[in-house]
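Below: one structure, written as structure tokens.
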């Protein structure tokens, strides 16, 4: 069963220490911090993560722009988050859908919640 919650899982959910070690070994510091609470990253850390995932930003932005309800997203939307471990379940649910009709109801709703929740992620304003 796919988890339709667009929020990342908590590190407390990772009871298997080997899973934690694997994540720590594969991810950089900002992505590890993203596991616990994406909103805990500073503005500069968020921008740094976007810079390090620039290719993923372009790919995911193109992929999801036609799958969501208005208002449209622009280059400032953090689509790159879908390429990170905490949001992998949502990225998998979206997969290669070309339009909303190709998504299941749960995936459509989860993607819309994600977009609505993270529209301001890269802004300097407090969440």
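Residue numbers (the working numbering): -2 to 124.
Glycine included, each C-beta is placed from N, C-alpha and C at the ideal position.
What you are looking at is a predicted structure, and each value in this text was computed from that prediction instead of being measured.
Inset, instruction - Answer yes or no: do residue 54 and residue 76 have a C-beta to C-beta separation smaller than 9 Å? - result: yes
Legend entry - From 29, 97, 27, 112, residue whose alpha carbon lies closest to that of residue 72: 112
Inset, instruction - Pick out the complete alpha helix (DSSP H) segments inside the segment 24 to 71, 4 residues or longer, and give them in chain order. - result: 26 to 33, 40 to 49, 51 to 61
Legend entry - Where the alpha helix (DSSP H) containing residue 81 begins and where it ends: That residue, residue 81, is in no alpha helix (DSSP H); it is neither H nor E in DSSP.
Legend entry - Cα-Cα separation, residue 83 to residue 32: 6 Å
Legend entry - Distance cut-off 8 Å: residue 59 Cβ against heavy atoms of the ligand GDP: With respect to the ligand GDP, the structure offers nothing, as it holds no ligand at all.
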